[in-house]
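S.K.:
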Amino acid sequence: MAKGSKVLHFDLAHDRPTNKELLGVLLGRSGKLRAPTIRTGATLLVGYNRELLEAYLTR
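Quick note: the sequence shown uses my numbering, first residue -14, plus one each step.
(1) Report the start-end ranges of each alpha helix (DSSP H) in the region -12 to 26 that is 4 residues or longer and not cut off at the edges.
(2) Among R1, R14 and V31, whose alpha-carbon lies nearest the alpha-carbon of K(-9)?
(3) How many Å lie between R24 and L38 at the Cα?
(4) Rounded to a whole number of angstroms, what is the C-alpha to C-alpha distance between N4 and T43?
(5) Following the continuous beta strand (DSSP E) through T28, name the residue where it begins and the one where it ends.
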């Protein structure tokens, strides 16, 4: 999850946050999923961070 220059990592298999916490970072003020949102394998990239997107999309 990229939010501005801040990047958040969630490991849902080992240390899952509550649904309320996840929705708080995944949804924008309008209640819609933040953009861009890209699923690559088991990873969900949400928000814009150029370095992070390039790293995952060029694998």
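Glycine included, each C-beta is placed from N, C-alpha and C at the ideal position.
As the structure is a computational prediction, the values presented were derived from the model and not from experiment.
M.R.: In this structure, then:
(1) Within the region -12 to 26, the complete alpha helix (DSSP H) segments of 4 residues or longer fall at 4 to 11, listed in chain order.
(2) V31
(3) 11 Å
(4) 30 Å
(5) T28 to V31
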